[in-house]
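*Asks:* By this note's numbering, the letter at position 58 of the sequence shown is numbered 83, and the numbering carries on one by one without gaps.
The beta carbon of each residue, even a glycine, is placed where N, CA and C say it ideally should be.
Every value quoted in this text rests on a predicted model; they were computed, and no experiment measured them.
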Amino acid sequence: MVLPPASGAWREGDDPGRRQWVQLPGTLRLEAGGELPDVRIAYETWGTLDAARSNAVLVLHALTGDSHIAGPAGPGHPTAGWWEALVGPGRALDPAEWFVVAPNVVGGCQGSTGPSSTAPDQVPWGSRFPIVTTRDTVAAETVLADALGVDTWACVIGGSMGGMRALEWAATQPERVRRLFVLAAPAATSADQIGWASPQLAAIRADPGWNGGDYHDLPAGKGPHAGLGVARRIAHLSYRSGFELTTRFGREAQDGENPWDGGRYAVESYLDHHAEKLVRRFDAGSYVRLTELMNAHDVGRDRGGVAAALARVKARTFVAGVNSDRLYPLEQQIEMAEGIPGAELKVIDAPYGHDAFLIEDEVVGSHLTSLLHE
Numbered sequence: 026m027v028l029p030p031a032s033g034a035w036r037e038g039d040d041p042g043r044r045q046w047v048q049l050p051g052t053l054r055l056e057a058g059g060e061l062p063d064v065r066i067a068y069e070t071w072g073t074l075d076a077a078r079s080n081a082v083l084v085l086h087a088l089t090g091d092s093h094i095a096g097p098a099g100p101g102h103p104t105a106g107w108w109e110a111l112v113g114p115g116r117a118l119d120p121a122e123w124f125v126v127a128p129n130v131v132g133g134c135q136g137s138t139g140p141s142s143t144a145p146d147q148v149p150w151g152s153r154f155p156i157v158t159t160r161d162t163v164a165a166e167t168v169l170a171d172a173l174g175v176d177t178w179a180c181v182i183g184g185s186m187g188g189m190r191a192l193e194w195a196a197t198q199p200e201r202v203r204r205l206f207v208l209a210a211p212a213a214t215s216a217d218q219i220g221w222a223s224p225q226l227a228a229i230r231a232d233p234g235w236n237g238g239d240y241h242d243l244p245a246g247k248g249p250h251a252g253l254g255v256a257r258r259i260a261h262l263s264y265r266s267g268f269e270l271t272t273r274f275g276r277e278a279q280d281g282e283n284p285w286d287g288g289r290y291a292v293e294s295y296l297d298h299h300a301e302k303l304v305r306r307f308d309a310g311s312y313v314r315l316t317e318l319m320n321a322h323d324v325g326r327d328r329g330g331v332a333a334a335l336a337r338v339k340a341r342t343f344v345a346g347v348n349s350d351r352l353y354p355l356e357q358q359i360e361m362a363e364g365i366p367g368a369e370l371k372v373i374d375a376p377y378g379h380d381a382f383l384i385e386d387e388v389v390g391s392h393l394t395s396l397l398h399e
């Protein structure tokens, strides 16, 4: 078995794949205090910006996503596009009609500046990488929009962490977002959601391979793989519904294994599989910092509360929630839809839990098409 690298991040010298980059001028001032120098954002595009600069769509990824929303796995891209069904000829985001832009979030690990990136002193940022918030990511992505010549986004779309960022875009830059599509995300992260995150962060930090967050130059097989894998297992349970797991796996043993003799149940094998995949394509430091970003999410901070912040949004808005989501329950999307002027609530009726926003392609694509052509 090939040992996983210390970090699954994209690193300088790796194949760039479809990535392009924009460098932020000066430093990025951070909401939590301090500044981050030499920030760059990796992004991918599909289609062409029209003469009126009116057809640009910003797609924002979830926690372990990246800029590669469409296209095959290959050099520079460890996995195929994570929202492939939405981008392409005849799909909701047809490149013949729309200029689709997908950045990797600041703090991420697939080309944008994050813990695995090289700091000005020529060693990885590691433990020194600061906390960033959704508001910081909007400030950085505003530079990207300006560099691309996008004065106003035709639509900003995101699910889960991407939905938090999309909402922040519409509240921070209301004049630059004409349409907004938020899926399976809250207006502010709750105590329950911070609670889900806490053991994930503890698992990573308790791994000896974490080394205080400074492990990026360790050899293959070293690094906080065990802790990141445990974090992924916990998270994946929150991404799926109990009904789906029971229906899909029941109490069955994994093929050829006996749980009474050191073997696993089928659901354990399923969680192991997702953990093993993640440690080869993601960075534990990014997982920590982006989880902290989600914990800090509150669109109402310093704006007079959530209701006042939602009232700032001027975009034509669809808010989609999943009726089986146990991570970001539907009640949070109801609150958001009721608070944004003129917003419509779209309920995704599916048994899969939170991940339904990625699984129910036909439903999501239909809603997106409707919003884009209003």
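Nearest-angstrom Cα distance between R44 and A291?
*Replies:* Along the sequence shown, one-based indexing puts residue 44 at 19. Along the sequence shown, one-based indexing puts residue 291 at 266. Going from the Cα of R44 to the Cα of A291 covers about 37 Å.
*Asks:* Consult DSSP for Q198 and reduce its assignment to one of helix, strand or coil.
*Replies:* Start at 1 with the first residue of the sequence shown, and residue 198 comes out as number 173. Looking at Q198 - three-state DSSP - the assignment turns out to be coil, as it is neither helix nor strand.
*Asks:* Suppose only complete runs of 3+ residues qualify. What are the beta strand (DSSP E) ranges in the stretch 86 to 163, listed by chain order?
*Replies:* 124 to 128
*Asks:* Going by DSSP, what residues sit across from A81 in a beta bridge?
*Replies:* In the sequence shown, counting from the first residue as 1, residue 81 sits at position 56. According to DSSP, A81 bridges with F124.
*Asks:* If you draw a straight line from the C-alpha of S32 to the C-alpha of V304, how long is it?
*Replies:* For the purposes of this step, residue 32 is taken as the residue at position 7 of the sequence shown. For the purposes of this step, residue 304 is taken as the residue at position 279 of the sequence shown. Roughly 7 Å between the two C-alpha positions.
*Asks:* So W46 and G132 are in contact, right, with Cβ under 8 Å, and what is the actual spacing, rounded?
*Replies:* Stepping through the sequence shown from its first residue, residue 46 is reached at position 21. Stepping through the sequence shown from its first residue, residue 132 is reached at position 107. Actually they are not in contact, since the Cβ atoms of W46 and G132 sit about 16 Å apart, beyond 8 Å.
*Asks:* Around the Cβ of D286, are there at least 16 other Cβ atoms within 10 angstroms (buried) or fewer (exposed)?
*Replies:* Within the sequence shown, numbered from 1, the residue matching residue 286 stands at position 261. So D286 counts as exposed.
*Asks:* Beta-carbon within less than 7 Å of A213's beta-carbon, same chain only, minus the 5 sequence neighbours each way: which residues are those?
*Replies:* In the sequence shown, the residue the question calls residue 213 occupies position 188. Same-chain partners within the cutoff: H322, D323, V324, G325, V331.
*Asks:* For the stretch 83 to 100 and the stretch 179 to 191, state whether three or more C-beta atom pairs, one from each stretch, are separated by less than 8 Å.
*Replies:* yes
*Asks:* Classify M186 as buried or exposed, calling it buried when 16 or more other Cβ atoms lie within 10 Å of its own Cβ.
*Replies:* Residue numbering aside, residue 186 sits at position 161 when the sequence shown is read from its first letter. Buried is the call here.
*Asks:* Roughly how many angstroms separate the alpha carbons of A98 and G329, rounded to a whole number?
*Replies:* As a position in the sequence shown, residue 98 is number 73, starting the count at 1. As a position in the sequence shown, residue 329 is number 304, starting the count at 1. Using only the alpha carbons, I get a separation of about 44 Å.
*Asks:* For V313, name the three-state secondary structure that DSSP assigns.
*Replies:* Working through the sequence shown from its first residue, we reach residue 313 at position 288. Three-state DSSP puts V313 in a helix.
*Asks:* Excluding the 5 residues preceding and the 5 following G90 in the sequence, name in chain order all residues of the same chain whose CB lies nearer than 6 Å to its CB.
*Replies:* Here residue 90 refers to the residue found at position 65 when the sequence shown is read from its first residue. Cβ within range, chain order: W107.
*Asks:* Exposed or buried, what is G252 when buried is set at 16 or more other beta-carbons lying within 10 Å of its beta-carbon?
*Replies:* Counted from its first residue, the sequence shown places residue 252 at position 227. By the neighbour-count rule (16 or more Cβ atoms within 10 Å), G252 is buried.
*Asks:* Can you look up D217 in the DSSP assignment and give me helix, strand or coil?
*Replies:* The sequence position of residue 217 within the sequence shown is 192, counting from 1. Residue state, collapsed to three classes: helix.
*Asks:* Leaving out five residues on either side along the sequence, give the residues of the same chain with a beta carbon under 6 Å from the beta carbon of W123.
*Replies:* Locating residue 123 in the sequence shown gives position 98, where the first residue counts as 1. Counting only Cβ-Cβ distances below 6 Å, and skipping sequence neighbours, we find G72, N80, V82.
*Asks:* Leaving out the 5 sequence neighbours to the left and right, which residues in its chain are closer than 6 Å to L335 when beta-carbon positions are compared?
*Replies:* Counting from one through the sequence shown, the residue named residue 335 turns up at place 310. Cβ within range, chain order: G364, I365.
*Asks:* Are the beta-carbon atoms of R204 and R351 separated by less than 8 Å?
*Replies:* Locating residue 204 in the sequence shown gives position 179, where the first residue counts as 1. Locating residue 351 in the sequence shown gives position 326, where the first residue counts as 1. Taking 8 Å as the Cβ cut-off, R204 and R351 do not qualify as a contacting pair.
*Asks:* Confirm, please, whether the CB-CB distance from V344 to L370 is below 8 Å.
*Replies:* Sequence index remark: in the sequence shown, residue 370 carries index 345 (1-based). Sequence index remark: in the sequence shown, residue 344 carries index 319 (1-based). Against a cut-off of 8 Å, the Cβ pair of V344 and L370 comes out as a contact.
*Asks:* Residue range of the beta strand (DSSP E) that E293 falls in?
*Replies:* Start at 1 with the first residue of the sequence shown, and residue 293 comes out as number 268. Here E293 belongs to no beta strand (DSSP E); instead the alpha helix (DSSP H) covers 291 to 304.
*Asks:* Where DSSP assigns a beta bridge to P62, which residues make up the other side?
*Replies:* Residue 62 sits at position 37 when you count from the first residue of the sequence shown. Paired residue(s): T52.
*Asks:* Check V168 in the structure and name its three-state DSSP category.
*Replies:* As a first step, residue 168 must be located in the sequence shown, where it is residue number 143. Three-state result, V168: helix.
*Asks:* Could you check the C-alpha separation between H93 and I66 for me, to the nearest Å?
*Replies:* Start at 1 with the first residue of the sequence shown, and residue 93 comes out as number 68. Start at 1 with the first residue of the sequence shown, and residue 66 comes out as number 41. Taking the straight line from one Cα to the other gives about 13 Å.
*Asks:* State buried or exposed for L28, treating a residue as buried only when at least 16 other CB atoms are found within 10 Å of its CB.
*Replies:* Numbered from its first residue, the sequence shown carries residue 28 at position 3. Looking at its Cβ environment, which holds fewer than 16 other Cβ atoms inside 10 Å, L28 is exposed.
*Asks:* Would DSSP call G252 helix, strand or coil?
*Replies:* Counting from one through the sequence shown, the residue named residue 252 turns up at place 227. Looking at G252 - three-state DSSP - the assignment turns out to be helix.
*Asks:* Do I373 and E385 come within 8 Å of each other at the CB atom, strictly closer than that value?
*Replies:* Numbered from 1 along the sequence shown, position 360 holds the residue referred to as residue 385. Numbered from 1 along the sequence shown, position 348 holds the residue referred to as residue 373. Against a cut-off of 8 Å, the Cβ pair of I373 and E385 comes out as a contact.
*Asks:* Could you tell me which of G367, N236, T138, L55 sits nearest to L396, measuring between CA atoms?
*Replies:* As a working mapping, residue 396 is identified with position 371 in the sequence shown. With distances taken between Cα atoms, L396 lies closest to G367.
*Asks:* Return the CA-CA distance between K302 and T104, expressed in angstroms with no decimal places.
*Replies:* Locating residue 302 in the sequence shown gives position 277, where the first residue counts as 1. Locating residue 104 in the sequence shown gives position 79, where the first residue counts as 1. The alpha-carbon atoms of K302 and T104 are separated by roughly 10 Å.
*Asks:* Compute the Euclidean distance between the alpha carbons of P114 and T70, then round it to the nearest angstrom.
*Replies:* Locating residue 114 in the sequence shown gives position 89, where the first residue counts as 1. Locating residue 70 in the sequence shown gives position 45, where the first residue counts as 1. Rounded to the nearest angstrom, the two C-alpha atoms are 14 Å apart.
*Asks:* Go ahead and pull the three-state DSSP assignment for G183.
*Replies:* For the purposes of this step, residue 183 is taken as the residue at position 158 of the sequence shown. DSSP places G183 in strand when its eight states are reduced to three.
*Asks:* If you compare alpha carbons, which of V175, T177, V148, V130 is closest to I156?
*Replies:* Within the sequence shown, numbered from 1, the residue matching residue 156 stands at position 131. The candidate whose alpha carbon is nearest that of I156 is V130.
*Asks:* In whole angstroms, what separates the C-alpha of G390 from that of G346?
*Replies:* As a first step, residue 390 must be located in the sequence shown, where it is residue number 365. As a first step, residue 346 must be located in the sequence shown, where it is residue number 321. Between G390 and G346, the C-alpha separation is close to 14 Å.
*Asks:* State the start and end residues of the unbroken beta strand (DSSP E) segment that holds E369.
*Replies:* Locating residue 369 in the sequence shown gives position 344, where the first residue counts as 1. Secondary structure note for E369: its beta strand (DSSP E) is the uninterrupted segment 369 to 373.
*Asks:* Starting from R204, follow its DSSP beta bridges and name the residues at the other end.
*Replies:* By 1-based counting over the sequence shown, the position of residue 204 is 179. In DSSP, R204 forms a bridge with R341.
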